[in-house]
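Below: one structure, written as structure tokens.
What follows is the structure, encoded as structure tokens:
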């Protein structure tokens with residue numbers, strides 16, 4: 001009797017009380033938080049194609065240099081188009097005939113292009129680059145990023 005009077009005083013009948021229990025609410029919040037974390041990671045990569053292209057280009061140049069040193073065979077990277085790069089190998093950097101290295105290559109993310117496609121850089125068996133070269137990536141929304149390939153074979157981000 002006392003409980004019924006107390007519940008009526010609060011304006012809520014005991015039999016009509018509705019809601020979630022604490023464990024149910026915690027489970028729902030955990031699922032929502034997990035879904036948010038997954039979606040943020042996915043959207044972040046979609047929102048930064050220029051940064052992704054910059055990282056991929058640097059990785060390709062590093063891998064090509066390492067491959068040249070490991071195989072003791074010169075490898076070059078060149079632009080096939082403004083959106084795709086190929087890696088080739090030959091007996092010397094000055095060779096006329098090059099064979100495609102199908103294990104390496106890069107297609108830039110959608111919307112990202114190289115500002116120039118008439119270039120090449122060859123890494124010799126010691127990892128030295130044939131030229132100093134500045135590669136500029138362009139995206140209409142995100143602007144530009146540049147990577148410099150130094151004669152010693154290392155990379156430096158411009159700007």
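In my numbering, the protein residues as written are 1 to 159. We treat Cβ as the ideally placed atom computed from N, Cα and C, and that holds for glycine.
Secondary structure of residue 96 (DSSP, three-state): coil. In the structure shown, residue 72 adopts coil according to DSSP, grouped into three states. Pairing residue 74 with residue 110, the inter-Cα distance amounts to about 30 angstroms. A straight line joining the alpha-carbon of residue 114 with that of residue 23 spans about 53 angstroms. Partner residues in the beta bridge of residue 146, as assigned by DSSP, are 136, 158. Of all alpha-carbon atoms in 122, 140, 39, 63, the one lying nearest the alpha-carbon of residue 132 is that of 122. Sequence-distant partners of residue 26 (beyond 5 residues in either direction) whose C-beta falls short of 8 angstroms from its own C-beta are missing from its chain. Residue pairing of residue 78 in beta bridges, as defined by DSSP: 86, 120.
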